[in-house]
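Shown next, in structure tokens, is the structure this report addresses.
Chains as they are written, first to last, in this note's numbering: chain A, 5 to 396; chain B, 186 to 275.
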């Protein structure tokens with residue numbers, strides 16, 4: 005019943021940008037000092053089939069998000085932006101999450117999630133950013149009740165290189181899992197394409213209640229240096245994380261580096277990203293390498309993702325202080341190839357039909373339990389966007 | 186011994202010397218069987234041989250060759266009593 009209600013809610017999400025788009029068609033010229041409102045939504049609905057050695061898993065499910073932004077300029081030097089982002093996955097995925105072989109991160113019923121991608125929180129982002137130009141530089145101050153910490157590449161759901169792929173990367177918790185951080189304050193300086201950001205945030209990952217806000221003390225710190233020029237975006241970043249896992253009392257740190265490229269328009273484009281992430285935990289360092297890309301031509305999009313990720317699967321669990329037995333990491337590799345074709349394109353959004361397949365290289369220490377798994381997705385993708393609506 | 190989302194069934198079993206116990210994971214998530222109650226001081230390595238079990242998977246413990254009482258726990262559900270039990274060998 006909850007998931008049916010979630011799908012109804014999702015339909016409203018799909019229709020919302022459509023309604024805004026109709027309003028936008030009647031907008032008039034806006035002054036720079038007026039409030040501007042934009043709305044963007046993305047939803048996958050489809051069939052997820054996980055071929056496994058002992059028991060296959062399948063699920064009808066939806067991954068989705070809706071983001072709205074309100075912004076206003078103050079003179080020529082200052083701008084205020086208010087962001088809110090929501091996901092209805094607490095209603096459109098099972099509580100345990102989306103079946104995904106070798107995926108880890110967060111918990112369900114107090115136990116670590118293994119082979120499931122957790123649902124995202126209802127409130128993914130809620131906060132504001134203020135920027136002011138000072139000569140050739142721009143100072144940016146951000147404050148979020150829930151928002152992205154200054155660590156890692158852009159989160160997968162906002163990356164052009166991953167936009168057509170309904171599946172979270174296996175390296176999500178090595179690279180960009182801090183996109184939903186309960187409490188963030190960041191200060192940044194931009195100049196000549198370079199941006200340096202540093203911030204304090206709450207390091208604990210979201211809890212199992214997907215509908216609440218998990219705000220608490222700003223106990224973790226991160227910094228990111230990035231450079232953007234045309235199609236290119238590079239970043240290196242690091243963070244100290246205070247007890248990031250709910251089932252571990254230990255702190256951790258994370259370092260990441262990534263190179264992204266995007267060139268083209270809505271009709272023809274190429275986007276790719278290569279990234280490295282390392283989680284430094286009390287039981288050892290876990291590294292992840294990712295390369296992904298999307299090639300779009302007319303109504304067609306081809307996407308791929310290749311990953312090699314060290315996972316703590318065999319010894320995952322709650323570890324009170326003092327438990328220090330050795331862990332046995334498992335180096336998992338995955339290759340996803342997918343295709344999406346847009347079948348309905350209107351001013352209020354685009355529907356596409358897509359499918360993908362993922363094959364895995366299974367390490368020796370997991371072969372007996374996993375064999376040679378494979379994952380398949382068949383889905384409808386909706387993407388809607390409406391922007392620059394003038395608020396009276 | 187069957188593992189479901191509600192716990193182990195039965196939690197306690199009595200066997201004879203020279204026997205094994207088969208653990209079957211009928212849950213939709215993975216479980217990890219470890220001998221003893223303290224992960225820092227594992228006991229009864231025969232149980233740990235059953236080890237990590239994905240959904241649908243089953244595996245035997247080692248052969249128990251001495252009479253004793255072997256506690257075990259599920260490492261993924263360390264503090265949940267329904268996932269802690271014992272094998273009594275007579």
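Even glycine gets a Cβ: it sits at the ideal position worked out from N, Cα and C.
When Cβ-Cβ separations below 7 Å define contact, residue 318 of chain A makes contact with chain B. Ranked by Cα distance from residue 53 of chain A, the first of A/153, A/120, A/260, A/176 is A/120. Secondary structure of residue 122 of chain A (DSSP, three-state): coil.
A direct Cα-Cα distance of roughly 16 Å separates residue 48 of chain A from residue 163 of chain A.
Between residue 208 of chain A and residue 247 of chain A, the C-beta spacing is below 7 Å. Excluding sequence positions up to five before and after residue 314 of chain A, its CB lies within less than 6 Å of the CB of 290, 291, 333, 335, all in the same chain and listed in chain order. Distance from the CA of residue 63 of chain A to the CA of residue 214 of chain B, rounded to the nearest whole angstrom, comes to 15 Å. When 7 Å is used as the limit between beta carbons, residue 59 of chain A is near these residues of chain B: 240, 241, in chain order. In the pairwise beta carbon analysis, the region 74-87 of chain A is classified as not touching the region 340-359 of chain A: fewer than three pairs are separated by under 8 Å.
The C-beta distance from residue 205 of chain B to residue 246 of chain B rounds to 5 Å, short enough to fall under 8 Å. Segment contact: the region 144-152 of chain A against the region 96-108 of chain A, fewer than three CB-CB distances shorter than 8 Å; contact not assigned. Counting the other Cβ atoms within 10 Å of the Cβ of residue 138 of chain A gives fewer than 16, which makes it exposed. Annotation for residue 374 of chain A: no beta strand (DSSP E) segment contains it, though the alpha helix (DSSP H) segment containing it runs 368-374. Closest option to residue 209 of chain B, judged by alpha-carbon separation, among B/253, B/265, B/259: B/259.
For the region 201-212 of chain B, the set of residues with a beta-carbon nearer than 7 Å to any beta-carbon of chain A is empty. Look at residue 95 of chain A here: in three-state DSSP terms it is helix. The Cβ atoms of residue 156 of chain A and residue 179 of chain A sit closer than 7 Å to each other. When only Cα atoms are considered, residue 89 of chain A and residue 222 of chain A end up about 21 Å apart. For the pair residue 102 of chain A and residue 347 of chain A, the Cα-to-Cα distance works out to about 26 Å. The alpha-carbon of residue 66 of chain A is positioned some 9 Å away from that of residue 51 of chain A. Under the Cβ distance rule, residue 373 of chain A counts among the residues neighbouring chain B, one pair being separated by less than 7 Å. Here residue 184 of chain A is actually not in contact with residue 158 of chain A; their C-beta atoms are around 14 Å apart, not less than 8 Å.
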